[in-house]
Structure formats: C-alpha cells, structure tokens
DNA sequence: TTGGTCTTGTCCATAATATGGACAAGAACG
DNA sequence: CGTTCTTGTCCATATTATGGACAAGACCAA
C-alpha cells in the first residue's frame, strides 16, 4: 500500500513487524492529540487502518500503560509510561541548547511569542516557546504540540526548505490527516511554493482566528531542514513593513543557529 | 508461559497483539540500560525471547526512530522519538509535586543523597534526586535510572509493602534479569522479608561498594505502594544509631507524602 | 595459521498470529 | 423510536511473525 519509506543508508525496509509499525503509527496520532486525546474514529481515519485493528492496538497499549483513556470523553491519549521510558534519554537536545541564545535575543527584539519547532517524521513538534513583552500574546501552541507537517506555518517552512519531491511525498502521506485541520493537499502545496519564493513561511490566518505567523527554517549541515523558528502575533501587529523586519530578525538568528549546530 | 497479568477491573488480558507486547518488553529492557544501552544478547536473556525475534523487533524500532544503536559498542538504547512522544503529556506528576517539600526537608535534615523512586511495571524508576550538604555524596543513581524491582533497596521496600503474593509474582517475573545485577530470587525474597520486619528497606551493600541505603515506601490511598524514598551514603556514615534516626525521618516524610496524594 | 568462543545478523518453511468483514450495543438527536 | 453517530466484539481465514539452523565477523590463545 505505501511504497514510500526509503531509509537513509539503503537499508531495506525490514519486514516481519507490521503490527509494531501499526502500533507506532497509532501512537504518533495519539501524540498529536496531546493531553486531550483523540477519538478512536479519528485514529482510524488518520492511519487508514480498520477499526477493529485500531481498537485492538489501542487497548493492548492501554493494558501496557502506554496509552490512557479519558473516561469523560472516551478519547485516547499518550499514557504515563511514555515519559517514564523517555527518562532513559539525556535531557536537552543539541538544537535546544544551540537555539537558546537566539530565541532569547529574537524574543527581546520582537516582543511577540516565539516558537521553536522541529520535524519528527511527518510531523512538526513544538519544542520551545518564548513569551514576549507585548501585552497581547498568541499562546495557542504549547511545547509538545504536534501537527502534521504542512498545517502550521512552521511546517510549511520546513517543507519549503526540503527538495520539492521529498516535500510532496510527506504532504501526500499526511493527506488523510489534513481534513482534521481543515486544509488539503492543494492548499498546502500552494503555501509551500509561496514560502520558497518569499524565503520564509507565512500565514495570514494562523491556527487561531485573527493571528498571523512567520517562520524561518533551520537547516542541519547536510542541508536537511531540521527545525523552524516562528513568530505568532495578532494580525494587526504584523503589517507588511513589520513583517519584513520580523522576518529579517528570524532569518538572521536562523543563520546563527545553523552555525552553532554545524560548527 | 506467563499466566500473571490480571488487569484491575477484571479486564481479560486481550490477545491479538503478541508482537506489540514483545516490542514493549524489549523497550523496557532498553530503558533499563539508559544512555549506555544494552547488548542484543542481554535483551534476549532478559526477555526470554529468541534472538531472531529480538533482532527483528529492535531493527524495526530503529527504522522507526524509537531505538538507536550506539555505533561504537553496538548496544541498543532508547531513541530520540520517545521523548518526543512523551511531550504529549503534561510535565510533572502528582507525586513529584506532592513529594517536593518532603524531599527538601529530609535532604536538609539528613545531609546525604535522597532519591525518590516509583514503581513502573516490574521496574523501579528514579524520578527525583536531592544532593545533600555532606561533602561525600553517593551519586551512583541518576534520575531516569531503571532497575528490576528487587535489586535496589527502593525496590525491596516497594515489594515489602505489597501483598506477599504479588511481590513473589513480580520477583519471579524478574528472575531472568537478576543475573545481570548479580543477585537471585532467594536473596531478594530474603531482603523483602527483612524489610517487612524492620518497617523499611535496608542494604548494607548498595549497588556501589562501600555504600549503604535505607528506603521507606509510600502508599497510594488504596494501599498499593507507588514509590519509595531512599537515602544513600557511605557505609561508615550510617551506623545503627544514625540508621534509626534517618529511618525515622524518612518514615515521617513518607506519611506526609501519603497525606498529600491521598487528601 | 587454526580452533575456540564470543558476539550480531539472516534465511525461510511453517505454525501461529493478527486481521477485518460483519454484527452488536450504546449514546445523542429530533 | 427511527437515524446516525460513536465504540466494542466475534471468529474463520490468510497473512504475518516466528525461531531453528546457519553465516559471518571479532577477538583471543596456542
């Protein structure tokens, strides 16, 4: 069904573990649901698996403590044991350390909310957030927020920074999930093209009504985009003139971060 | 093979997901290996699975980014994507918040290193650590350290606080893993009995030569032990007299924490 | 060199497992 | 009290994961 997935070093896509891969696909969808969780039907729709299969997977994961069920809503969410497993890893990533001074500087200069977002698989994941000094702040996105690549301005920026073909593959893989976020492939592809032309990602309508976002991409030494830096503000605060100013600051700091992780 | 596992509300242990359960068993063993990771052979021995099976599981998980391989040692460890999934959960647990003042107080009073350890499945997991003011501190155990229940004094304390039958089941389930930690079922069961008699867990020989540990258990409102509070110090600093003093402080604070999570 | 003893990695016939179509049951709505 | 949502369950079946046997590489000693 999906002939995508070509691992880096020509590693043949190993078989004999369909169930495990499916369980992980389910987990990633649940992760995108955050604390609130995701109804079963949405997991079914997003993964393309059948309902009995998703049901079985989810309930086994519950028994194992990997997934929890919100008794009020019936939605499923990432469980207790996932952070417990995560403790086996050392705390802050290279990127987070490298980006820290830039976020500090840009936040002070701009005054609006700043986000650092990484790519993980076909998703974006918000890994850091700085609240600015301006009294109206867009706080819609929490650290840990996860969305399909393409639905946020950060996602569009990251896609714009990769080879067109790769970007198209990811967008296609996410197609089933776009519905939930009220967008579609054509719109996303259009935004990616626009971002390439501009040199940064931009959204007149953010995920929240009346907000606007600007994102620059951050590439690893090998040219792959690994992250994006985003400013979100109420739209009136980001007119054409200020948009350019903000974008310039973001572009400057993105370069600094690229140096820090490259050298 | 294992007829254990009876879920709380008489939920029948669901079937149709052997592979997923096995993958999780593997993951938990890898988590116990921490940053350094675990050689394949040890995963095989600890899980009781066959080598081809473990090999296949581990490599699929690598392709999925859930597991990483240390190229120097060839050992396998928990990968990048696990903390990423964990971000979908809100940060600090109830227990961590409730225990904070007690850890603060006990640490100031005692002066040696304090650990807060929870039970997760058949493992103990260190979730907090306070370094005391005394110049010689036992820092062997990091936050995130994971061990089979029974090999640390915290584990013994937690087992001592549960119904004897449950404790025996867990110890039996961990039997295969004790070898790695140079202990065995008989020893562990003996220590549990001793801890029950004393009212707290104690180890003349900690996981590091020349250290001694004292642990009290913390029970949830329903009587299940959920955590342990441990003091570790060089043995000479914990003679019989001071042992009693330290144990009394720990027992007192354990009660306080039980109140905080109970009320 | 050869032989021994460790590892990890791979193959593939086969048994066992996960699959999903069809059905059930409950909730919300008008 | 039908309609349309949702989630949950059953079980015959074919797809999938399994593991015995074998391979290959690393290291050590004689």
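Residue numbers (the UniProt record's numbering), protein chains in the order written: chain A, 1 to 263; chain B, 1 to 263.
All C-beta atoms, glycine included, are put in the ideal place defined by N, C-alpha and C.
These figures come from a predicted structure and were not determined experimentally.
Boundaries (first-last residue) of the alpha helix (DSSP H) holding residue i
| i | result |
| --- | --- |
| residue 26 of chain A | 18-32 |
| residue 89 of chain B | Taken as a continuous stretch (DSSP letters only), residue 89 of chain B belongs to no alpha helix (DSSP H), as it is neither H nor E. |
| residue 42 of chain B | 40-47 |
| residue 75 of chain A | First-last for residue 75 of chain A: undefined, no H or E at that position. |
| residue 63 of chain A | 51-63 |
Residue j beta carbon less than 9 Å from that of residue i
| i | j | result |
| --- | --- | --- |
| residue 173 of chain A | residue 100 of chain A | no |
| residue 211 of chain B | residue 241 of chain B | no |
| residue 117 of chain A | residue 229 of chain A | yes |
| residue 60 of chain B | residue 20 of chain A | yes |
| residue 238 of chain A | residue 152 of chain A | no |
| residue 202 of chain B | residue 194 of chain B | yes |
| residue 86 of chain A | residue 85 of chain B | yes |
| residue 46 of chain B | residue 29 of chain B | yes |
| residue 150 of chain A | residue 125 of chain A | no |
| residue 250 of chain B | residue 214 of chain B | yes |
| residue 167 of chain A | residue 216 of chain A | no |
| residue 106 of chain A | residue 231 of chain A | yes |
| residue 63 of chain B | residue 81 of chain B | no |
| residue 102 of chain A | residue 257 of chain A | yes |
| residue 14 of chain A | residue 56 of chain B | yes |
| residue 148 of chain B | residue 32 of chain B | yes |
| residue 110 of chain A | residue 246 of chain A | yes |
| residue 165 of chain B | residue 130 of chain B | no |
| residue 95 of chain A | residue 227 of chain A | yes |
| residue 176 of chain B | residue 48 of chain B | yes |
Neighbour-count burial assignment, residue i, 16 or more Cβ in a 10 Å radius
| i | result |
| --- | --- |
| residue 248 of chain B | exposed |
| residue 17 of chain B | buried |
| residue 50 of chain B | exposed |
| residue 187 of chain A | exposed |
| residue 97 of chain A | exposed |
| residue 244 of chain A | exposed |
| residue 88 of chain B | buried |
| residue 159 of chain A | buried |
| residue 154 of chain B | buried |
| residue 139 of chain B | exposed |
| residue 71 of chain A | exposed |
| residue 41 of chain B | exposed |
| residue 163 of chain B | exposed |
| residue 26 of chain B | buried |
| residue 259 of chain A | exposed |
| residue 132 of chain B | buried |
| residue 136 of chain B | exposed |
| residue 134 of chain A | exposed |
| residue 91 of chain B | exposed |
| residue 262 of chain B | exposed |
| residue 52 of chain A | exposed |
| residue 2 of chain A | With a pLDDT of 32 at residue 2 of chain A, under the threshold of 50, the modelled position of that residue is not reliable, and the figure given next carries that caveat. Burial call: exposed. |
N-terminal and C-terminal residue of the beta strand (DSSP E) that residue i is part of
| i | result |
| --- | --- |
| residue 67 of chain B | 67-69 |
Runs of beta strand (DSSP E) wholly within the segment 159-239 of chain B (minimum 3 residues, chain order): 201-203, 211-219 and 225-234
Validate contact between the segment 59-76 of chain B and the segment 21-38 of chain B using beta carbons, cut 8 Å, 3 pairs: yes
At least 3 beta-carbon pairs within less than 8 Å: the segment 178-193 of chain B vs the segment 219-227 of chain B: no
Complete beta strand (DSSP E) runs within the segment 98-146 of chain A (minimum length 3 residues, chain order): 113-120 and 123-130
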